[in-house]
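J.:
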Amino acid sequence: MDETSVRAFRDDFARVRDEVGKVIVGNADIVDGVLICLLSEGHALLEGVPGLGKTLLVRTLSQVLDLNFNRIQFTPDLMPADITGTNILMEDEVTGRKIFQFQPGPVFANIVLADEINRATPKTQSAMLEAMQEHSVTVAGKQYRLAEPFFVLATQNPIEMEGTYPLPEAQLDRFLFKLIVPAPSLSELSIIVDRTTGTATPKINKVLTGEQVMAMRQVAREVPISSLVRDFAVKLILATHPRSETATDMVNRFVRFGSSPRGAQALVRGAKIRALLDGRYNVAIDDISAVAPAVLRHRVLLNFDGEAEGIGTDAIVRDIITRLSAQVSAALV
Amino acid sequence: MAAVQEYVETATPESLSRALTPLASRLRAFRLARYASRGALGGIAVSIVAVICSHLNVLPDALPLEAVIPVSIILGVVVGAVPALLSRITSMDAARIAETRLGLKERLSSALEFEKDPAASGQAAVLFRLQHVDALGHARSLAPREALPFRATWEMKAVLGGFMLLLLALIVPNLPVFISPATRTERAIVRKEGDKLTVKARTIEKFAAAHQMPQTKRMAQDMQRLGEQMAARKMDKKQALIKYSQLTKQMQDVQKKLTENAGTGMGSKSLNRAGQQLAQSLQAAGANGAASKDPMTGNPATSSKAGTSGQKGSPGTGKSGEKAGQKPADHGLNIPGFNKANPSAGDPNKGNEGQPNPTDEIKKAAAAMQKGDASGLSDQLRKLAQRTQSGALTPEEQKQAQQDLQKLSDALKGTPMPETQKHSQAAADALKQGDKQKAADEMRKAADAADKEMQQQMDAQGMKKAQESLQKSQNEMAGASSPSDISNSSQSGEGESQSSGDSNGQGEGNSQEQQNADQRMHSGQGKGQGKGNNPGTEPGEEGGGSGAGNRAGHGGGKPGGGKIPKQKFSKFQGPVPHMLNPKFDPTRAARYTKVYLGKPGQGKEAGRLGKAIKVRPGAAPPGGAQSNVDYYNYVGDAKKAAEKSVDSENIPPAYRDQVRKYFNSITPDSGH
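Heads up: the protein sequence lines correspond to chains U and Y, in order.
Under this note's numbering, the first residue of the first sequence carries the number 1, and numbering increases by one thereafter.
Under this note's numbering, the first residue of the second sequence carries the number 1001, and numbering increases by one thereafter.
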């Protein structure tokens, strides 16, 4: 890695964003979040009601990046083998003998769209666990590596909707970010209507190869982080645990479980990308604070009171950040 | 690559720290100001508490507001500033401040931390270098004023508010609207009396310093301090009287201690009397007992009526001067006359051949003692010691010296100079045994003891005078109802005797005489010259002292014609009066107090006051008046009046219990 690749990071990122922006109207934060997940070696979970362009976003991204793309439509009757692949009995054309041959499932791609992931049963959802964490699939005792970069983009409908199965905590924890896709604004919707009902179809160019993505991942990993910022991230994670030393009143009252250490990893990884995008070469507390909601909103589990009161995890995270930032400022003079 | 090249060229590990130095300095100054403000705030809080305590009269005297306020604030500032000075302002601190204030997003602090990171020094650590270049660029363009603009912190605002509060606490309670006219008058009285007391105390202090009277000096300083407090502070009469009482008690304690040190139970015989006794015994031996009249002074009557002279003075007869001259007081003043009257006495080699002549040193010592000059005594003892040790004494002279020392020892018995007496006796014994060396040593010890005991006596007497001055000031203030009631002069003892000669003469005479004694003590004047024709009415003519009451009312004798000089004590000149003068004898006042009854007589003894009687204080006159009211019918009312006085601040708080005890003791049902 040299200075050129470092400086090219932002340019490449901007080019991808621009290309995606040709199709996706608005939702810049969502696009950025998805790209950050991609470059942070994580996976993204997009949540939103149907029709907000989640699938379009992922598909567009796959078109922008010169990578393999598979889409898995999760349904209640989807089986794990339908995702991972399975051994099927095949006849050897040469010898005529019957042999079991592994037939890779749709998960064997660089970019996997797990559409409406919460419509499948937890058993099927769990089929993604190994692939997402280990970047490998084990079938019939044999492990198959997935090609890099491997990036899962899952979409889900809000849990309250009919016919959904809430993702298990272990599954949720595998996602770097959980991004809430908002409804488009008036102007955005107007543009969407214009773009999709006319004859003109935007031409999407591939701007990044898999190698470039891997290089960008390497650059992001090397962004240094000071102990001050790292400690802030750690304290933030610990503060999500009720009855911990740094837990806020809100956490103690409304949170059942706090974030796992994966949350801290996700915070730092996401913050590093944000620092580079901001033209810095060091991670700042602001970067941590910026990615914290997306990192923690699916890792902090509310208790009954929290659910009943309608307290969002974002509010709890903001409360913790406010408290910690005040502590850092107070220690200055 | 350009950035990395720039980094290699410009960035050194110290570059970033150096770039942050101005900011660190500014931060240090700000922290100092902030911490000092906190300290000052504490000092102001203490000061406000002190002011409140002062208004509530619970602030100890040792902590005057004038000192407490500045000291508290300065101490607070120092205490607050010390941690700020001791705490180190690092580049990291400055970096964090700048980042927070200018939104630099941990660029500087991260770079400073990465400087120490080994991973950052590798050639492959491109991002570390880029980060450092980025941070250095920001640090170099940093304006300390922008990062740390001057802003009044809450501490500074609180200090300002605290000062305002302190000023209010000081000023508001003293605004005229909050002070009653009576209180204002009282304070004016106290202030005026405080000024007077300060002047008086300064005079006493100077005198005490000049005559090496340390305790008196210290007490005078206390008096001066009290005077200054009274003059400066908003003190009412009650507070002032309490302080007077406290200081009086303190002075009494010191005086008691001094008296104890000077020889407890050694009697009250004065040095003058001892000198007279010694002179007589020497003369009796030297003149072969042939003196039909006093060989020392030429006056026929000697000390048989010492201390009572003047009683027989017959003012108005024209001869009173001669009679008055019989006073032993005049003996003391006429020491030079001793040599005139008896020329041979001054020269041991002349006259009285065949009779042993008194030792010259002892003779001179006697003369000095009669003047109350203990230093003269010690000087002569040292001379005699030297002569004895050098072997200059013939056996006859040695024997004579032994006898004279014995007489000296005898004469000193009963004086407050026990050590001197003891060593004199030891010297006499040593001479008797022929041990010249020991005798000389003892004589020197006696001389040293005389100096020391004299000094202590002087100190004790000085203390007594200071106490009297204080008491007088207290009385004057207690009795004053307006500032004009307080005389302007702090040396009120100047001028003529104001003795009226009537039945009140005692009181007035006492007062005047005491003032005169004060004046003499202060001015160093007062050596009596009123020998002979002076009817002996000049109080304190032998010098300052406490024999104030002895001649009370004598001034009434002057209208009787004859050549009675005007009694101007300011005319008295001479050496400093000695504290061992009989007039300083405190017991004399109690033992010999004269009261003149009636009005100035007519006829033969024109100008003579009414009948003079000698009474002890508190005793009824002989064959005294008969009360028309049974005392038990009156004591109740008197007690009530006393209680009223006690409650009405006229009586110092320290004495209130005594007043109550007194009336309780004399009420009929208490067994009296």
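A virtual CB, placed ideally from N, CA and C, is assigned to each residue, including glycine.
(1) Hey, is Ile285(U)'s beta-carbon within less than 8 Å of any beta-carbon in chain Y?
(2) Quick one: measure Cβ to Cβ for Pro122(U) and Pro158(U), integer angstroms, because I've assumed they're closer than 8 Å.
(3) Can you check whether the C-beta of Ser1015(Y) is within less than 8 Å of a C-beta belonging to chain U?
(4) In the DSSP assignment, find the unbroken alpha helix (DSSP H) run with Ser226(U) in it and report its ends.
(5) To the nearest whole angstrom, what separates the beta carbons of Glu1106(Y) and Ser244(U), a pair I think is in contact under 8 Å?
(6) Looking at the secondary structure, which residues open and close the beta strand (DSSP E) in which Ala1480(Y) lies?
(7) DSSP three-state call for Phe257(U): helix, strand or coil?
(8) In whole angstroms, what is the alpha-carbon distance linking Ser325(U) and Val1046(Y)?
(9) Take Ala154(U) and list the residues in its own chain whose beta-carbon comes closer than 6 Å to its own, dropping the five residues that flank it on each side.
(10) Show which residues of chain U have a CB atom less than 7 Å away from the CB atom of Glu1113(Y).
(11) Mind pulling the chain U residues with CB within less than 8 Å of Ser1109(Y)?
(12) What does a CB cutoff of less than 7 Å around Asn1475(Y) pick up in its chain, not counting 5 residues either side in sequence?
(13) Is Ser339(U) buried or exposed, if buried means 16 or more other CB atoms sit within 10 Å of its CB?
(14) In whole angstroms, give me the CA-to-CA distance for Lys1206(Y) and Gly1076(Y).
(15) Can you tell me whether DSSP reads Gln156(U) as helix, strand or coil?
(16) Assign Pro106(U) to one of three DSSP states: helix, strand, or coil.
(17) What distance in whole Å lies between the Cβ atoms of Phe108(U) and Leu146(U), which are believed to be in contact at a cut-off of 8 Å?
(18) Checking contacts by CB at 8 Å: is Ser334(U) closer than that to chain Y?
(19) Within the same chain, show all residues whose beta-carbon is closer than 8 Å to that of Pro1083(Y), passing over the 5 residues directly before and after it, in chain order.
(20) With a CB to CB cut of under 6 Å and the five nearest residues on each side skipped, what residues in its chain are close to Leu65(U)?
(21) Thinking just about the alpha-carbon of each residue, which of Lys1257(Y), Thr1388(Y), Ser1109(Y), Ala1050(Y) is nearest to the one in Leu1170(Y)?
(22) What does a CB cutoff of less than 7 Å around Val296(U) pick up in its chain, not counting 5 residues either side in sequence?
(23) Decide if Asp1657(Y) is buried, meaning its Cβ has at least 16 other Cβ atoms within 10 Å, or exposed.
(24) When you compare the CB of Thr1021(Y) with every CB in chain U, is at least one pair closer than 8 Å?
(25) By Cβ distance below 6 Å, which residues in the same chain neighbour Leu301(U) in space, the five residues on each side in sequence not counted?
(26) Measure from the C-beta of Glu968(Y) to each C-beta in chain U and report whether the shortest distance is under 8 Å.
(27) Does the Cβ-Cβ distance between Gly270(U) and Ser62(U) come in under 8 Å?
(28) Do the CB positions of Leu56(U) and Ile24(U) come within less than 8 Å of each other?
(29) For Ala1324(Y), is the classification buried or exposed, using 16 other Cβ atoms within 10 angstroms of its Cβ as the cut-off for buried?
(30) Could you check if Glu162(U) is buried or exposed, using at least 16 other CB atoms within 10 Å of its CB as the buried criterion?
(31) Counting only Cβ-Cβ distances shorter than 9 Å, please list the residues of the region 1215 to 1240 of chain Y near chain U, keeping chain order.
(32) From Ile1666(Y) to Gln1471(Y), what distance separates their C-alpha atoms?
(33) Is the Cβ-Cβ distance between Leu1023(Y) and Ala1135(Y) less than 8 Å?
(34) Helix, strand or coil for Ala1589(Y), going by three-state DSSP, please let me know.
(35) For Asp1657(Y), would you say it is in contact with chain U, using Cβ-to-Cβ distances shorter than 8 Å as the test?
(36) Report yes if the C-beta distance between Met1092(Y) and Leu1065(Y) is below 8 Å; otherwise report no.
T.: Reading it off the structure:
(1) For this step, residue 285(U) is matched to residue 285 along the first sequence. Yes, because at least one Cβ of chain Y sits closer than 8 Å to the Cβ of Ile285(U).
(2) Walking along the first sequence from the start, residue 122(U) turns up at place 122. Walking along the first sequence from the start, residue 158(U) turns up at place 158. Actually they do not touch by this definition, with Cβ atoms about 17 Å apart.
(3) By one-based count along the second sequence, residue 1015(Y) stands at place 15. Residue contact with chain U for Ser1015(Y): absent (no Cβ-Cβ distance below 8 Å to any residue of chain U).
(4) Within the first sequence, the letter at position 226 stands for residue 226(U). Element bounds for Ser226(U): n/a, residue is neither H nor E.
(5) On the second sequence, residue 1106(Y) is found 106 positions in, with the first residue counted as 1. On the first sequence, residue 244(U) is found 244 positions in, with the first residue counted as 1. Not confirmed; about 25 Å, so no contact.
(6) Taking the first residue of the second sequence as position 1, residue 1480(Y) is located at position 480. DSSP places Ala1480(Y) outside any beta strand (DSSP E), giving it a letter other than H or E.
(7) Along the first sequence, read from residue 1 onward, the residue named residue 257(U) stands at position 257. Three-state DSSP puts Phe257(U) in a strand.
(8) Against the first sequence, residue 325(U) aligns to sequence position 325. Against the second sequence, residue 1046(Y) aligns to sequence position 46. One C-alpha to the other measures close to 36 Å.
(9) Residue 154(U) sits at position 154 when you count from the first residue of the first sequence. Counting only Cβ-Cβ distances below 6 Å, and skipping sequence neighbours, we find Leu45, Ala114, Ile117.
(10) If you number the second sequence from 1, residue 1113(Y) lands on position 113. Under the 7 Å cutoff, chain U gives Ser226, Ser227.
(11) Start at 1 with the first residue of the second sequence, and residue 1109(Y) comes out as number 109. Below the 8 Å Cβ cutoff, chain U contributes Ser226, Leu228 as neighbours of Ser1109(Y), in chain order.
(12) Stepping through the second sequence from its first residue, residue 1475(Y) is reached at position 475. Excluding its 5 nearest sequence neighbours in each direction, Asn1475(Y) has no C-beta neighbour in its own chain below 7 Å.
(13) Residue 339(U) lies beyond the range of chain U shown here (1 to 333); nothing can be said about it.
(14) Here residue 1206(Y) refers to the residue found at position 206 when the second sequence is read from its first residue. Here residue 1076(Y) refers to the residue found at position 76 when the second sequence is read from its first residue. Lys1206(Y) and Gly1076(Y): Cα-Cα distance of roughly 38 Å.
(15) Within the first sequence, residue 156(U) is the residue found at index 156, counting from 1. Gln156(U): strand per DSSP, three-state reduction.
(16) Position 106 of the first sequence, counting from 1, holds the residue named residue 106(U). For Pro106(U), the three-state secondary structure derived from DSSP is coil.
(17) Stepping through the first sequence from its first residue, residue 146(U) is reached at position 146. Stepping through the first sequence from its first residue, residue 108(U) is reached at position 108. Indeed, because the Cβ distance is near 6 Å, the residues count as touching under 8 Å.
(18) A question about residue 334(U) goes unanswered here, because the residues of chain U that appear run from 1 up to 333.
(19) The residue labelled residue 1083(Y) in the question sits at position 83 within the second sequence. Contacts found: Tyr1035.
(20) Position 65 of the first sequence, counted from the start, is the residue given in the question as residue 65(U). These residues qualify, in order along the chain: Leu208.
(21) Taking the first residue of the second sequence as 1, we reach residue 1170(Y) at position 170. Between Leu1170(Y) and the set Lys1257(Y), Thr1388(Y), Ser1109(Y), Ala1050(Y), the nearest pair of CA atoms involves Ala1050(Y).
(22) By one-based count along the first sequence, residue 296(U) stands at place 296. Here residue 296(U) turns out to be Leu, not Val, going by the sequence shown. Cβ neighbours of Leu296(U) beyond the five flanking positions: Thr240, Ser259, Gly263, Thr313, Val317.
(23) As a first step, residue 1657(Y) must be located in the second sequence, where it is residue number 657. Classification of Asp1657(Y): exposed, given that the 10 Å Cβ count is below 16.
(24) The residue you call residue 1021(Y) lines up with position 21 of the second sequence. With 8 Å as the cut-off, Thr1021(Y) does not count as an interface residue toward chain U.
(25) As a working note, residue 301(U) is residue 301 in the first sequence. Excluding positions up to five away in sequence, the list reads Arg256, Phe257.
(26) A query on residue 968(Y) cannot be resolved here, the shown segment of chain Y reaching from 1001 to 1672 and no further.
(27) Here residue 270(U) is taken as the residue at index 270 of the first sequence, counted from 1. Here residue 62(U) is taken as the residue at index 62 of the first sequence, counted from 1. The Cβ atoms of Gly270(U) and Ser62(U) lie no closer than 8 Å to each other.
(28) Stepping through the first sequence from its first residue, residue 56(U) is reached at position 56. Stepping through the first sequence from its first residue, residue 24(U) is reached at position 24. Contact: yes.
(29) Taking the first residue of the second sequence as 1, we reach residue 1324(Y) at position 324. Note that Ala1324(Y) has pLDDT 37, beneath the 50 cutoff, so the model's placement of it is unreliable and no number is given.
(30) Here the question's residue 162(U) lines up with position 162 in the first sequence. With fewer than 16 other CB atoms across the displayed protein chains lying within 10 angstroms of its CB, Glu162(U) is exposed.
(31) Per Cβ criterion, the list is empty.
(32) Within the second sequence, the letter at position 666 stands for residue 1666(Y). Within the second sequence, the letter at position 471 stands for residue 1471(Y). Distance between Ile1666(Y) and Gln1471(Y), taken at the CA atoms: about 26 Å.
(33) The residue you call residue 1023(Y) lines up with position 23 of the second sequence. The residue you call residue 1135(Y) lines up with position 135 of the second sequence. Cβ atoms of Leu1023(Y) and Ala1135(Y): not closer than 8 Å.
(34) In the second sequence, the residue the question calls residue 1589(Y) occupies position 589. The pLDDT assigned to Ala1589(Y) is 43, lower than 50, so where the model puts this residue is not dependable, and the model offers no usable value.
(35) Position 657 of the second sequence, counting from 1, holds the residue named residue 1657(Y). No - not a single Cβ of chain U is within 8 Å of the one on Asp1657(Y).
(36) Numbered from 1 along the second sequence, position 92 holds the residue referred to as residue 1092(Y). Numbered from 1 along the second sequence, position 65 holds the residue referred to as residue 1065(Y). Contact: no.
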